[in-house]
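Chemist: First, the structure itself, so that you have it in front of you.
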Amino acid sequence: MKNVVCVCGHENPVGTKICANCGRPLTEEAKSQKVLDMKYDGSAIRSKTYNKSIIDKVWNFFSSVKVGVALIIITLVVSSIGTILKQEAFVEAGNEAGRAAFYEESYGSFGKLYYNLGFSDLYNQIWYLVLVAMLGISIIVASIDRGIPLHKSLKNQRVRRHESFMKRQRVIAEGTVTTGDSSNTIDAVEEKMKKLNYKVRREGKALLAEKGRFSRYGPYINHLGLIIFLVGVLLHKFPGIYVDESMWIREGETRAIPGMDGYFLENKEFIFETHDNDPTTAQIQQGVNAVAKNYQTDIVLYKQADDAVPGQTDQLEVVKEYSIRVNHPLEHDGYALYQMDFRLNELKEMSFQLTNKDTGVSLGEVAIDLRNPKKEYIIDENIKVELMEYYPDFSGFNNEGAPQTLSPNPNNPAFIFNMITPEHPDGEISFVAIQQTVEPTGDNTYKMAFSGIDTVNMSGLTIRMDKTIPILFVGGFIFLLGLAIGSYWNHRRIWIEQFENGRIRLAAHTNKNWFSIKKDLDAITEYAHLPQYIDQLDDEKETENDEDKKEES
Amino acid sequence: MSLIDLSGTLLEVAFIAYLVATLLIGGSIKSKKPDGAQNRANKWGRIAILVTIIGFLAHLGYFITRWIYSGHAPVSNMFEFTTAFGMFLVGAFILIYFMYRVTALGLAALPIALLIIGWAAMFPQEVTPLVPSLQSHWLTIHVITAALGQSILAISAVAGLIYLLKDVDTKKKGKQRFWLEAILYFLVLIVGNIVVSTVFNVAGYEAQYSYVDKNGIEQQIIYNVPAIFGMNESTTLTEGAMDPLIEVPAFIHGLKLTTVVWSIIAGTIIYILIRLITRRRIADMLQPLVKKVNLQLFDEIGYRSVLIGFPVFSLGALVFAMIWAQEAWGRFWGWDPKEVWALITWLFYAAFLHLRLSKGWEGNKSAWLALIGFAIIIFNLVVVNLVIAGLHSYA
Amino acid sequence: MDKKRKRSIIRGVILAVLVIAIGFTVYSSFTKDKVELLTEGDTAPDFELVGLDGKKHRLSDYRGEGVMLNFWGTWCEPCKREMPAMDRQYDVFKDQGVNLLTINIAQSEFEVQNFLNNLGVDFPTVIDKTRDVMTAYNVIDLPASIFIDPNGKVVKIKTGEMKEADIISHMEMIKPE
Numbered sequence: 001m002k003n004v005v006c007v008c009g010h011e012n013p014v015g016t017k018i019c020a021n022c023g024r025p026l027t028e029e030a031k032s033q034k035v036l037d038m039k040y041d042g043s044a045i046r047s048k049t050y051n052k053s054i055i056d057k058v059w060n061f062f063s064s065v066k067v068g069v070a071l072i073i074i075t076l077v078v079s080s081i082g083t084i085l086k087q088e089a090f091v092e093a094g095n096e097a098g099r100a101a102f103y104e105e106s107y108g109s110f111g112k113l114y115y116n117l118g119f120s121d122l123y124n125q126i127w128y129l130v131l132v133a134m135l136g137i138s139i140i141v142a143s144i145d146r147g148i149p150l151h152k153s154l155k156n157q158r159v160r161r162h163e164s165f166m167k168r169q170r171v172i173a174e175g176t177v178t179t180g181d182s183s184n185t186i187d188a189v190e191e192k193m194k195k196l197n198y199k200v201r202r203e204g205k206a207l208l209a210e211k212g213r214f215s216r217y218g219p220y221i222n223h224l225g226l227i228i229f230l231v232g233v234l235l236h237k238f239p240g241i242y243v244d245e246s247m248w249i250r251e252g253e254t255r256a257i258p259g260m261d262g263y264f265l266e267n268k269e270f271i272f273e274t275h276d277n278d279p280t281t282a283q284i285q286q287g288v289n290a291v292a293k294n295y296q297t298d299i300v301l302y303k304q305a306d307d308a309v310p311g312q313t314d315q316l317e318v319v320k321e322y323s324i325r326v327n328h329p330l331e332h333d334g335y336a337l338y339q340m341d342f343r344l345n346e347l348k349e350m351s352f353q354l355t356n357k358d359t360g361v362s363l364g365e366v367a368i369d370l371r372n373p374k375k376e377y378i379i380d381e382n383i384k385v386e387l388m389e390y391y392p393d394f395s396g397f398n399n400e401g402a403p404q405t406l407s408p409n410p411n412n413p414a415f416i417f418n419m420i421t422p423e424h425p426d427g428e429i430s431f432v433a434i435q436q437t438v439e440p441t442g443d444n445t446y447k448m449a450f451s452g453i454d455t456v457n458m459s460g461l462t463i464r465m466d467k468t469i470p471i472l473f474v475g476g477f478i479f480l481l482g483l484a485i486g487s488y489w490n491h492r493r494i495w496i497e498q499f500e501n502g503r504i505r506l507a508a509h510t511n512k513n514w515f516s517i518k519k520d521l522d523a524i525t526e527y528a529h530l531p532q533y534i535d536q537l538d539d540e541k542e543t544e545n546d547e548d549k550k551e552e553s
Numbered sequence: 001m002s003l004i005d006l007s008g009t010l011l012e013v014a015f016i017a018y019l020v021a022t023l024l025i026g027g028s029i030k031s032k033k034p035d036g037a038q039n040r041a042n043k044w045g046r047i048a049i050l051v052t053i054i055g056f057l058a059h060l061g062y063f064i065t066r067w068i069y070s071g072h073a074p075v076s077n078m079f080e081f082t083t084a085f086g087m088f089l090v091g092a093f094i095l096i097y098f099m100y101r102v103t104a105l106g107l108a109a110l111p112i113a114l115l116i117i118g119w120a121a122m123f124p125q126e127v128t129p130l131v132p133s134l135q136s137h138w139l140t141i142h143v144i145t146a147a148l149g150q151s152i153l154a155i156s157a158v159a160g161l162i163y164l165l166k167d168v169d170t171k172k173k174g175k176q177r178f179w180l181e182a183i184l185y186f187l188v189l190i191v192g193n194i195v196v197s198t199v200f201n202v203a204g205y206e207a208q209y210s211y212v213d214k215n216g217i218e219q220q221i222i223y224n225v226p227a228i229f230g231m232n233e234s235t236t237l238t239e240g241a242m243d244p245l246i247e248v249p250a251f252i253h254g255l256k257l258t259t260v261v262w263s264i265i266a267g268t269i270i271y272i273l274i275r276l277i278t279r280r281r282i283a284d285m286l287q288p289l290v291k292k293v294n295l296q297l298f299d300e301i302g303y304r305s306v307l308i309g310f311p312v313f314s315l316g317a318l319v320f321a322m323i324w325a326q327e328a329w330g331r332f333w334g335w336d337p338k339e340v341w342a343l344i345t346w347l348f349y350a351a352f353l354h355l356r357l358s359k360g361w362e363g364n365k366s367a368w369l370a371l372i373g374f375a376i377i378i379f380n381l382v383v384v385n386l387v388i389a390g391l392h393s394y395a
Numbered sequence: 001m002d003k004k005r006k007r008s009i010i011r012g013v014i015l016a017v018l019v020i021a022i023g024f025t026v027y028s029s030f031t032k033d034k035v036e037l038l039t040e041g042d043t044a045p046d047f048e049l050v051g052l053d054g055k056k057h058r059l060s061d062y063r064g065e066g067v068m069l070n071f072w073g074t075w076c077e078p079c080k081r082e083m084p085a086m087d088r089q090y091d092v093f094k095d096q097g098v099n100l101l102t103i104n105i106a107q108s109e110f111e112v113q114n115f116l117n118n119l120g121v122d123f124p125t126v127i128d129k130t131r132d133v134m135t136a137y138n139v140i141d142l143p144a145s146i147f148i149d150p151n152g153k154v155v156k157i158k159t160g161e162m163k164e165a166d167i168i169s170h171m172e173m174i175k176p177e
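Chains as they are written, first to last, in full-length UniProt numbering: chain A, 1 to 553; chain B, 1 to 395; chain C, 1 to 177.
Here it is in structure tokens:
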């Protein structure tokens, strides 16, 4: 592949639009422009250079800004589809069938279609990941392709530019000085430009003043930040980097913390508070009685001894006591425990009076800890209640007529008692469930009369650990830094050349914010008595802005 | 006078000031008399900016007094957030004014701010106590930065609208003329919403219904507008109140739909009246006001405000949001609808910048893109908050 | 021409690295679980729990012999159904150096003892009150049985109800030589 040799003798890579040395337009397109297209300073975008092998074709595909923008728009549209209906992550259904049913029941056939197309879990679909990954590749390839040639071209700038370059800039001036001697005009310009914080280079009577070149690197810096961020996000998919577990823990209970080996948590108390404000209009409209003020779990965090094995809980050390609240997670050793959910008033203890059915006289009370029932409850030497069977979550009788429990949780406790009383020293058997009593041996003298309950609250916590946070943080920081550099600064260049006859030619370019470079130009024009510049894109002269300016000056 | 009353009064002062400033700007541009008209125009323009600044200070006063009264940054419900958004929009306008000294920008910026504040006032205005998840200093940091970014981005749409009012040939039939008028029609619909809510409010209309929500639980609801659409399995509780004309399934909110339909009806009537009285399109009516606008400059203002707003938006709506989410829920991103729409907004403006930088989409195309961007921001504010319920749902 | 080849190679390498990295991530996110699971061939995590007999049972004490762990709860019907067969085979294999240790998930001693009495089984049983061992073994569904050989390696993980023939064949696998 041959390079393009400019009239000035400089060799430019194929695809270069503006000679890197003298600034002459090289392509027919550039030559025909009234104002040169200065993006990437006319350097050759690498992908445009070769287009032969498959690798080149793939490369060029990702290098294209058109493809990049298309990928952004596709991602944008696809992402919005995921917000039409609730995502599966927010649906409280345990299994796949439950979720499928939820979409059909709640949203009809549209919901069913939405579910079947995978839109209900859109952001976890392979094709969504692939889409984001392609965007990532596009960012990398396009940045390499444009950043490197741009860097080379900015590094090797020459002071003197050819007439065909100067005249094709957007803002230009040509003529003689307006007043006074023109012999030291360039010196005056140099002095003023330095005052305006420009970097000035001179070659005899030619001058290049430049400011904020670093801002050209902003986009590449922010793209780098984005890539680091995306890498961090991808790392989540690997085991051991990310822990996301949850646990339910009752008041008074001590449990191993899932995902956090060697640590145990005791729930001392769960606190739920509401604001005591007068109901607001919004509350009344929505029928909400009280606004929640605080969800809090007072906990003790324990750690096993270093040489302990799972299950050994006899030597737990207290690590810390803490109140976990929303926005105030318990943080320890890279892990964090978050207040997520709660259930109030789960049954803890049930009390019964051992009562004579005829007389209604009670022989005494029995309180049964539903989490830890005992074999027998002694009232005195002749009177006791034996617990024969216990079904914490009674769900009916099976085919053989035996009572069943659905779970280990005391949601619907049922008991088989043997009541030993002076009248019945061998005992009377009674099956007792909530609002149900069965007496298998016939007519009992005594019954276990329900007399009260005690409850506990349950707290739902989430345990999270994320080793990628530092990577994400660095990525986000670099992204914002690059964005600020690219957005809040701009690259201004002013070329001036004075000819033998004293005539002056000026050209100015900025990658953005023409308004400000014109202010700088106004300043030097006045100071060095330069000919008035014109904006070649400005056709209309009678503008509000110009009027303002005239009035001020 | 208590602090909260003072706060309300300051907001009213701000509203009136913006209204006066709008008229002053309109007058400053319209005067065509040859005898020193330029000077007078500038004099009126300066007074307009002065009034705008007074309004902004009053608005800021509302914000600060309400903050002190409630003990938290007043951005925690729909009224507060939208009002703050209007304030930042005016603030962004003032900022851009001092950069470019262009009063004509206020011609679109102030009326849009007025509409936003007026619409905000239709929501319950009491101070609401914070639920636990909002009790964080990140509420202040995240919401204010995000709103600030959005309002600066909105200025690009304001500049774009003025650009198009001048650039689009309203004498010729075409897509651009149609859509430009559609945007103005949409603005009239917001007026319709404000009118309808105010009229029924003043009339004291109230009807109570009971309904069955999507979880199968019976709830009650109060309508302040006559029920066109009833809630799911609705029963009228108020004596003599009209029964809903049409009942909707549980996943659609009948009251919200009713409000939307009422706004469309009222807005359309207002629009038709304007057309009948003036016998012109609204765009035609506005065109003389923007005749002297420098297109090149407005294109640059539009681009510049995206450049200024985009990093602020990225910081507030994405980075701070992620930090808060990590702190509150242990995950920096959860695909909540509001989060997704913030991402969509961000992607859109990223596309805007790439199209402008690499594909040369400037001027007319850029102005249309800026308007679409603003539409996404408004969608995120209105539809995502009120229709798509998620963690960020305000109402 | 050399320059062009070099450039092609660089591009090829960059693209290949990107595609492999992304491909591997996508693959692993859809095939593997995000937690490191206990799998067959791993060393069984040691643990210590208190049994119904009041004594401490430590897994490493059984080194040199085979161990079958069985996680269960009283509410779990399939757990209940496989227990008589387990009890029978334990009686057969215990003289051949195969132990059975059943682990109840955080229930009360009363419930556990009562349940086993009703079934008429007498194998050693411990209670995992804090669910620490259950977590260490990533047990989610009950019943779950883990067969550990004399060297402490997990030979077989079985979730769900087992037939007597399965119990026999798996106990054979962990019998000391």
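For glycine and all other residues, C-beta sits at the position ideal for the given N, C-alpha and C.
The structure displayed is predicted, hence computed values, not measured ones.
Using only CA atoms, which one of Asn116(A), Asn511(A), Tyr527(A) lies nearest to Asp171(A)?
Modeler: The sequence given here has Val at residue 171(A), not Asp. For the residues Asn116(A), Asn511(A), Tyr527(A), the minimum Cα distance to Val171(A) belongs to Asn511(A).
Chemist: Check the Cβ-Cβ distances between Ser151(B) and every residue of chain A, and say whether any is below 8 Å.
Modeler: So, not an interface residue.
Chemist: Would you mind reading off the limits of the beta strand (DSSP E) that contains Ile378(A)?
Modeler: Note, Ile378(A): beta strand (DSSP E), 376–378.
Chemist: Are there 16 or more other CB atoms within 10 angstroms of the CB of Gln96(C), so buried, or fewer, so exposed?
Modeler: Gln96(C) comes out exposed.
Chemist: Does the Cβ-Cβ distance between Leu122(A) and Thr75(A) come in under 8 Å?
Modeler: No.
Chemist: Flag residue 411(B) as yes if its beta-carbon sits less than 8 Å from any beta-carbon of chain A, otherwise no.
Modeler: Nothing can be reported for residue 411(B): it is not among the residues displayed for chain B, which extend from 1 to 395.
Chemist: Between His170(C) and chain A, is any beta-carbon pair separated by less than 8 Å?
Modeler: With 8 Å as the cut-off, His170(C) does not count as an interface residue toward chain A.
Chemist: Mind listing the chain C neighbours of Lys374(A)? Cutoff is C-beta to C-beta under 8 Å, in chain order.
Modeler: Ordered by position in chain C, the residues that pass the 8 Å Cβ test against Lys374(A) are Phe110.
Chemist: Got a sec, what are the start and stop residues for the beta strand (DSSP E) Pro403(A) sits in?
Modeler: Residues 403–405.
Chemist: Out of Leu85(A), Gly108(A), Leu71(A), point me to the one whose CA is closest to Val132(A)'s CA.
Modeler: Answer by Cα proximity: Leu71(A).
Chemist: Tell me which same chain residues have a C-beta within less than 7 Å of the C-beta of Ser7(B), skipping the five on either side of it?
Modeler: Only Tyr62, Thr65, Arg66, Tyr69 meet the Cβ criterion.
Chemist: What is the DSSP secondary structure of Arg464(A), counted as helix, strand or coil?
Modeler: Strand.
Chemist: Just grab the DSSP bridge partners of Asn267(A) for me.
Modeler: According to DSSP, Asn267(A) bridges with Ile299(A).
Chemist: Ordered along the chain, which non-local residues of its own chain (more than five positions away) have a Cβ less than 7 Å from that of Glu212(A)?
Modeler: The sequence as given places Gly at residue 212(A); Glu does not occur at that position. Counting only Cβ-Cβ distances below 7 Å, and skipping sequence neighbours, we find Trp489, Asn490, His491, Arg492.
Chemist: Quick check on Lys359(B) - is its C-beta less than 8 Å from some C-beta in chain A?
Modeler: Yes, because at least one Cβ of chain A sits closer than 8 Å to the Cβ of Lys359(B).
Chemist: Find the residues of chain A that neighbour Gly41(C), judging by a C-beta separation of less than 8 Å, and give them in chain order.
Modeler: None at all; the shortest Cβ gap to chain A is about 16 Å.
Chemist: Report yes or no: is there a C-beta of chain A within less than 8 Å of the C-beta of Phe47(C)?
Modeler: Yes, its Cβ sits closer than 8 Å to a Cβ of chain A.
Chemist: Would the beta-carbon of Leu235(A) fall within 8 Å of that of Thr468(A)?
Modeler: Yes, the Cβ-Cβ distance between Leu235(A) and Thr468(A) is below 8 Å.
Chemist: Between Asp522(A), Gln536(A), Arg505(A), which lies nearest to Lys205(A) when the distance is taken from Cα to Cα?
Modeler: Minimum Cα distance to Lys205(A) is reached at Arg505(A).
Chemist: Run through the DSSP bridge pairs and tell me what Ser106(A) is partnered with.
Modeler: Looking at the DSSP assignment, Ser106(A) forms no beta bridge with any residue, so it has no partner.
Chemist: Note down the Cα distance separating Lys34(C) from Thr254(A), rounded to an integer number of angstroms.
Modeler: With a pLDDT of only 49 at Lys34(C), under the threshold of 50, the placement of this residue in the model should not be trusted, and no figure is reported.
Chemist: Enumerated in chain order, which unbroken segments of the alpha helix (DSSP H) with a length of 4 residues or greater are wholly contained in the UniProt domain "Thioredoxin" (38–177) of chain C?
Modeler: With a minimum length of 4 residues, the continuous alpha helix (DSSP H) runs that stay inside the UniProt domain "Thioredoxin" (38–177) of chain C are 77–93, 109–119, 132–136, 164–173.
Chemist: Whose C-beta lies closer than 7 Å to the C-beta of Met189(A) among residues of the same chain, with five residues either side of it excluded?
Modeler: The amino acid at residue 189(A) is misidentified as Met; the sequence shows Val. Contacts found: Leu207, Ile496, Ile524, Ala528.
Chemist: From Glu542(A) to Asn294(B), what does the alpha carbon distance come to, in whole angstroms?
Modeler: Per-residue confidence for Glu542(A) stands at a pLDDT of 40, beneath the threshold of 50, marking its modelled position as unreliable; the derived number appears in the next sentence. Cα to Cα, Glu542(A) sits roughly 8 Å from Asn294(B).
Chemist: Skipping 5 residues on each side, what residues in its chain have a beta carbon closer than 6 Å to that of Asp35(B)?
Modeler: Any reading at Asp35(B) must be qualified, since the residue scores a pLDDT of 48, below 50, and its modelled position is unreliable; the value itself is stated next. Cβ within range, chain order: n/a, list empty.
Chemist: What are the complete alpha helix (DSSP H) segments, minimum 4 residues, inside the segment 70–107 of chain B?
Modeler: The qualifying runs are 78–100.
Chemist: Quick one: measure Cβ to Cβ for Pro310(A) and Pro45(C), integer angstroms, because I've assumed they're closer than 8 Å.
Modeler: The Cβ separation is near 6 Å, so the contact holds.
Chemist: Could you list which residues in chain A have their beta carbon closer than 7 Å to that of Thr130(C), in chain order?
Modeler: Those are Thr254, Arg255, Ala256, Phe264, Thr313, listed as they occur along chain A.
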